[in-house]
Each structure stands twice: as structure tokens, then as C-alpha cells.
Amino acid sequence: MSDYKITEVEEKDHEEILDFLNEHFVPHEPINAAINLCDKGYR
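Positions 329 to 371 (the numbering used here) are the ones given, in order, by the sequence shown.
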């Protein structure tokens with residue numbers, strides 16, 4: 329098993345987390361991808 333470090337998110341981290349999620353997950357969700365919901369660079 330991998331080692332994981334769990335930390336509490338702080339207010340200053342919110343933009344970075346949203347950027348990461350929007351770049352790596354939202355466009356690739358199966359339904360979103362199937363209907364081309366998000367254009368490249370979606371935010």
C-alpha cells in the first residue's frame with residue numbers, strides 16, 4: 329500500500345484545487361466527454 333498524507337485544505341488552496349479538478353477530471357467525466365460538455369480550457 330502507498331503512503332498517504334492527509335492534510336486539511338486551507339482557504340488559500342481552493343483556487344489551486346479547483347484548477348486541478350477542472351483540468352484533470354471535469355472534462356473527462358464519461359457523460360461530459362460523451363456530449364462534449366466542456367470546451368478545452370473550460371473553467
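Quick reminder that beta carbons are idealized off the backbone N, C-alpha and C, glycines included.
Keep in mind that this is a model prediction, so the values were computed, not measured.
Residue i (DSSP reduced to helix, strand or coil)
i, result
"Leu346", "helix"
"Asp341", "helix"
"Ile363", "coil"
"Glu336", "coil"
Distance between residue j and residue i (C-alpha atoms, nearest Å)
i, j, result
"Phe353", "Asp331", "23 Å"
"Cys366", "Leu349", "13 Å"
"Pro358", "Lys340", "30 Å"
"Lys333", "Leu346", "20 Å"
"Ile363", "Thr335", "35 Å"
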